[in-house]
Amino acid sequence: MKKKTESKKPKVFRTRAEVLQVRLTPEEKETFVSAAEVSGVELSAWVREKLRKAAIKELEEIGRPIPFLKPKSQ
912 MKKKTESKKP KVFRTRAEVL QVRLTPEEKE TFVSAAEVSG VELSAWVREK LRKAAIKELE
972 EIGRPIPFLK PKSQ
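Each residue of the sequence shown is one higher than the one before, counting from 912 in my numbering.
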């Protein structure tokens with residue numbers, strides 16, 4: 912029997928040093944926390960994923976570049 916091996920691709924971790932503060936109603940926060948729990952992820956990861964998808968959609972519609980999708984030049 913073959914043993915399960917780890918993925919050959921190394922995981923790349925990027926430091927997330929920037930902070931975005933958002934003011935919400937208690938109901939909005941409760942809703943977002945609930946949605947994150949259902950998705951099985953932390954609230955910040957859930958919010959980041961949703962914001963990234965929204966930004967991609969908005970910027971692609973008008974042909975603007977999406978900086979986080981392009982590797983930084985060295």
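Glycine included, every Cβ here is placed at the ideal spot set by N, Cα and C.
Check                                                                                              : Outcome
Distance CB(phenylalanine 943)-CB(leucine 954) smaller than 8 Å                                    : yes
Bounding residues of the alpha helix (DSSP H) (the contiguous stretch that carries isoleucine 977) : Premise fails: isoleucine 977 is in no alpha helix (DSSP H) and is neither H nor E.
DSSP-derived helix/strand/coil call for threonine 901                                              : Since the displayed the chain opens at 912 and closes at 985, residue 901 lies outside it and no answer follows.
Integer-rounded CB distance, given that alanine 966 should sit under 8 Å from tryptophan 957       : Their Cβ separation, rounded to whole angstroms, is 15 Å, which puts tryptophan 957 and alanine 966 out of contact at 8 Å.
Backbone secondary structure at threonine 942 - three-state DSSP                                   : helix
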